[in-house]
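Start counting the sequence shown at 6; every next residue gets the next number (my numbering). Yeah, the Cβ is synthetic: ideal placement off N, Cα and C, and Gly gets one too. Structure first, commentary second.
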Amino acid sequence: MGAALRGLPLAAWAYVCTVVALGTSCIALSSFDHMDWTTLAVLAVLSVICESVPALLSSASARVSLSYSAGLASVVLLGPVGAALVGASAVVTGRRDVALVKRVFNGAQFALSGYLAGVVYRVAGGTVGLPSNGSFPAIIPPYVAALVTYVAVNLGLIAVILVLVEQAPLWGFRWGPVGQLASGQLAYGMFGLLIAAPWGVVGPFSAVLVLLPMFIARWALEQTQAQQEAQAATIAALCQAVETKDYYTRGHSERVSRGAAMIAREIGMRPDRVGAVRYAGMLHDVGKLGVPTKVLQKSGALTEEEFAAIQLHPMRGLEIVRDIGFLDEALAGIMHHHERMDGTGYPMGLAGSEIPEFARVISVADAFDSMTSTRSYRPAMSLEAGMTELRRCAGTHFDPALVEAFVTAVERDGWTRPDPVAPPEGEETAQQDHDDPSVPLRVAGEGVRS
Numbered sequence: 006m007g008a009a010l011r012g013l014p015l016a017a018w019a020y021v022c023t024v025v026a027l028g029t030s031c032i033a034l035s036s037f038d039h040m041d042w043t044t045l046a047v048l049a050v051l052s053v054i055c056e057s058v059p060a061l062l063s064s065a066s067a068r069v070s071l072s073y074s075a076g077l078a079s080v081v082l083l084g085p086v087g088a089a090l091v092g093a094s095a096v097v098t099g100r101r102d103v104a105l106v107k108r109v110f111n112g113a114q115f116a117l118s119g120y121l122a123g124v125v126y127r128v129a130g131g132t133v134g135l136p137s138n139g140s141f142p143a144i145i146p147p148y149v150a151a152l153v154t155y156v157a158v159n160l161g162l163i164a165v166i167l168v169l170v171e172q173a174p175l176w177g178f179r180w181g182p183v184g185q186l187a188s189g190q191l192a193y194g195m196f197g198l199l200i201a202a203p204w205g206v207v208g209p210f211s212a213v214l215v216l217l218p219m220f221i222a223r224w225a226l227e228q229t230q231a232q233q234e235a236q237a238a239t240i241a242a243l244c245q246a247v248e249t250k251d252y253y254t255r256g257h258s259e260r261v262s263r264g265a266a267m268i269a270r271e272i273g274m275r276p277d278r279v280g281a282v283r284y285a286g287m288l289h290d291v292g293k294l295g296v297p298t299k300v301l302q303k304s305g306a307l308t309e310e311e312f313a314a315i316q317l318h319p320m321r322g323l324e325i326v327r328d329i330g331f332l333d334e335a336l337a338g339i340m341h342h343h344e345r346m347d348g349t350g351y352p353m354g355l356a357g358s359e360i361p362e363f364a365r366v367i368s369v370a371d372a373f374d375s376m377t378s379t380r381s382y383r384p385a386m387s388l389e390a391g392m393t394e395l396r397r398c399a400g401t402h403f404d405p406a407l408v409e410a411f412v413t414a415v416e417r418d419g420w421t422r423p424d425p426v427a428p429p430e431g432e433e434t435a436q437q438d439h440d441d442p443s444v445p446l447r448v449a450g451e452g453v454r455s
């Protein structure tokens, strides 16, 4: 968001100023009687340290601040005003990539989150001050209420600024990173109770004791991110190998992956399944590596043996990637994405609900991208014509509900087609496309085959 803030729309500027005014008011209009300034100073320093090293989540745009732990500890130890002051310390951070306006906004929204969490903690029966042995387990429900409030207020304030910056309607906003932030914030927020609980025994040193496991958790998140990046690189390499066989299909796997994810989100799949169906879309044609190039590039009718080689490519794909453990449900999508609802597809002749959901999703996105991309034997269809063809084949080739989900998503979010560029001179290209339901494959002696 840092780069975007330099050119904020007027509505976003007004919103930032409002949040800053509210955050400042929470502090300026409060009483500081009986404030434990030593505890406040220690927690503020801890908050600044944690804010300077946020944890990267599975989305490159989603980072969770470890300062949540200090903010929630201050709710217990200092109450609403102290929590607001600790939250406001986010204005000071060691991150050079954070613009001043974003620092001020972060400080204000953390102050608001801390203050409201402190109020909820008190209302829920929590006692402000040093916890004792008798505080447990009664302190846990008020603390959890405060934690949920802190996260909800923080994410709500962030979501609004993102919507205003992107100037997009709420229903078109991508909530995936916000969901990732919520899980990370709830997890790191629980460290706050671990900081507050032993404070009465070891004092400010309890903050230091919690730093080690907190940073170990951060390291674990970074390792998960590194693993995901390695997985993405592996998939990209396999896709590149497939797409070298035909100039016209370059970028096809990425577009099918994106289309499959659009359908998955439209029908309400869980985020982890959306990620898995993206993998399936990327790798759906990896079995082409096992199909002779001369078959893929043949201009005339296919022999029965050549047609069989193409029909076997989903099974070849499964053989190639079946030992890649993180694919899980994606394997079924790769294996069965050419099955048809009427049972006339391949390789198993499954019908209707027998076809795995991932495969039904991929088949829609796969066919649409094929039809709306330029091929050597025809120009690209328009998006409208492609959607009409999907609807024509709904119930026979495709799951009607998934077709409608895809059409809805495309009409709302749009679809980017590749530019119609002629291949370099001498580049061999496929003369038929098994993904294109509008132009079935030609098989010698028996006309066309789907």
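Inset, instruction - Go ahead and pull the three-state DSSP assignment for VAL103. - result: What you label residue 103 is simply residue 98 of the sequence shown in a count that begins at 1. Looking at VAL103 - three-state DSSP - the assignment turns out to be coil, as it is neither helix nor strand.
Legend entry - Given 8 Å, three or more beta-carbon pairs between the segment 315 to 331 and the segment 282 to 300: Counting C-beta pairs closer than 8 Å gives three or more between the segment 315 to 331 and the segment 282 to 300, which meets the contact rule.
Legend entry - Close Cβ partners of MET6 (< 8 Å) along its chain, the five nearest in sequence each way excluded: Sequence index remark: in the sequence shown, residue 6 carries index 1 (1-based). Confidence is the limiting factor: at MET6 the pLDDT is only 42, short of 50, which leaves the residue's position unreliable and the question unanswerable from this model.
Legend entry - Nearest residue (CA-CA) to VAL261, options GLU409, ALA93, ASP374 and VAL47: Here residue 261 refers to the residue found at position 256 when the sequence shown is read from its first residue. The residue with the shortest Cα to Cα distance from VAL261 is ASP374.
Inset, instruction - Rank ALA281, GLU362 and ALA370 by C-alpha distance to the C-alpha of GLY330 and give the top, closest one. - result: Your numbering for residue 330 matches position 325 in the sequence shown. Nearest of ALA281, GLU362 and ALA370 to GLY330, Cα basis: ALA281.
Legend entry - Expected contact under 8 Å - CB spacing of ALA88 and ALA122 to nearest Å: As a first step, residue 88 is located in the sequence shown; it is residue number 83 there, counting from the start. As a first step, residue 122 is located in the sequence shown; it is residue number 117 there, counting from the start. The pair is a contact, with the Cβ atoms about 6 Å apart (cut-off 8 Å).
Inset, instruction - Check ALA399 in the structure and name its three-state DSSP category. - result: Here the question's residue 399 lines up with position 394 in the sequence shown. For ALA399, the three-state secondary structure derived from DSSP is strand.
Legend entry - Cβ-based burial, ALA8 [other Cβ within 10 Å; buried from 16]: Translated into the one-based positions of the sequence shown, residue 8 becomes position 3. The predicted position of ALA8 is uncertain, since its pLDDT is 42 and thus under 50; a value taken from the coordinates is nonetheless stated next. By the 10 Å Cβ count, ALA8 comes out exposed.
Inset, instruction - Under 6 Å Cβ to Cβ from VAL53, same chain only, skipping five residues before and after it: list those, please. - result: For the purposes of this step, residue 53 is taken as the residue at position 48 of the sequence shown. The residues are SER94 and VAL97.
Inset, instruction - Indicate whether PRO361 and GLY338 have their beta-carbon atoms separated by less than 8 Å. - result: To locate residue 361, count along the sequence shown from 1; it is residue 356. To locate residue 338, count along the sequence shown from 1; it is residue 333. Judged by beta-carbon spacing, GLY338 lies within the 8 Å limit of PRO361, meaning their Cβ atoms are closer than that value.
Legend entry - HIS343 versus GLN233: straight-line alpha-carbon distance, rounded: Translated into the one-based positions of the sequence shown, residue 343 becomes position 338. Translated into the one-based positions of the sequence shown, residue 233 becomes position 228. Going by the C-alpha atoms only, they are around 28 Å apart.
Inset, instruction - Between the Cα of PRO203 and those of GLY194, TYR193, MET195 and LEU214, spot the shortest distance and give me the residue it belongs to. - result: One-based indexing of the sequence shown puts residue 203 at position 198. Closest option to PRO203, Cα to Cα, is LEU214.
Inset, instruction - Please classify ARG380: does DSSP put it in a helix, a strand, or coil? - result: Numbered from its first residue, the sequence shown carries residue 380 at position 375. Three-state DSSP puts ARG380 in a strand.
Inset, instruction - Measure from the alpha carbon of TYR193 to the alpha carbon of each residue in LEU162, LEU388 and LEU226, then state which is nearest. - result: Locating residue 193 in the sequence shown gives position 188, where the first residue counts as 1. Measuring C-alpha to C-alpha distances from TYR193 to each of LEU162, LEU388 and LEU226 identifies LEU226 as the nearest.
Inset, instruction - Report the residue from PRO59, SER387 and ARG345 whose alpha carbon sits nearest the alpha carbon of TRP224. - result: One-based indexing of the sequence shown puts residue 224 at position 219. The shortest C-alpha to C-alpha distance from TRP224 to any of PRO59, SER387 and ARG345 is the one to PRO59.
Inset, instruction - Using three-state DSSP, classify VAL457 as helix, strand or coil. - result: With the chain covering only 6 through 455, there is no way to say anything about residue 457.
Legend entry - Nearest residue (CA-CA) to PHE403, options GLN236, SER381 and ALA370: The residue labelled residue 403 in the question sits at position 398 within the sequence shown. Comparing Cα positions, the closest option is ALA370.
Legend entry - CB contact flag (GLU271, THR421, <8 Å): To locate residue 271, count along the sequence shown from 1; it is residue 266. To locate residue 421, count along the sequence shown from 1; it is residue 416. Here GLU271 is not near THR421, since their CB atoms are 8 Å or more apart.
Legend entry - ASP333 versus THR393: straight-line alpha-carbon distance, rounded: As a position in the sequence shown, residue 333 is number 328, starting the count at 1. As a position in the sequence shown, residue 393 is number 388, starting the count at 1. Roughly 33 Å between the two C-alpha positions.
Legend entry - ALA150 beta carbon less than 8 Å from that of ALA129: Counting from 1 along the sequence shown, the entry for residue 129 is found at position 124. Counting from 1 along the sequence shown, the entry for residue 150 is found at position 145. Going by C-beta atoms, ALA129 is nearer than 8 Å to ALA150.
Inset, instruction - Give the C-beta separation of GLY76 and VAL86 to the nearest angstrom, bearing in mind that I take them to be a contact with Cβ-Cβ under 8 Å. - result: Sequence index remark: in the sequence shown, residue 76 carries index 71 (1-based). Sequence index remark: in the sequence shown, residue 86 carries index 81 (1-based). Actually they do not touch by this definition, with Cβ atoms about 13 Å apart.
Inset, instruction - Inspect the beta-carbon positions of GLY407 and ARG365 and report whether they are closer than 8 Å. - result: For the purposes of this step, residue 407 is identified with residue 402 of the sequence shown, where counting begins at 1. For the purposes of this step, residue 365 is identified with residue 360 of the sequence shown, where counting begins at 1. Contrary to the premise, residue 407 reads as Leu rather than Gly in this sequence. Contact: yes.
Legend entry - Segment limits, alpha helix (DSSP H) that includes THR44: Residue mapping note: residue 44 aligns to position 39 of the sequence shown, counting from 1. Taken as a continuous stretch (DSSP letters only), the alpha helix (DSSP H) holding THR44 covers 42 to 57.
Legend entry - Alpha-carbon to alpha-carbon, ALA269 and PRO276: Here the question's residue 276 lines up with position 271 in the sequence shown. Here the question's residue 269 lines up with position 264 in the sequence shown. As the crow flies, the alpha-carbon of PRO276 is around 9 Å from that of ALA269.
Legend entry - Extent of the continuous alpha helix (DSSP H) to which PRO14 belongs: For the purposes of this step, residue 14 is taken as the residue at position 9 of the sequence shown. PRO14 -> no alpha helix (DSSP H), and no H or E assigned at all.
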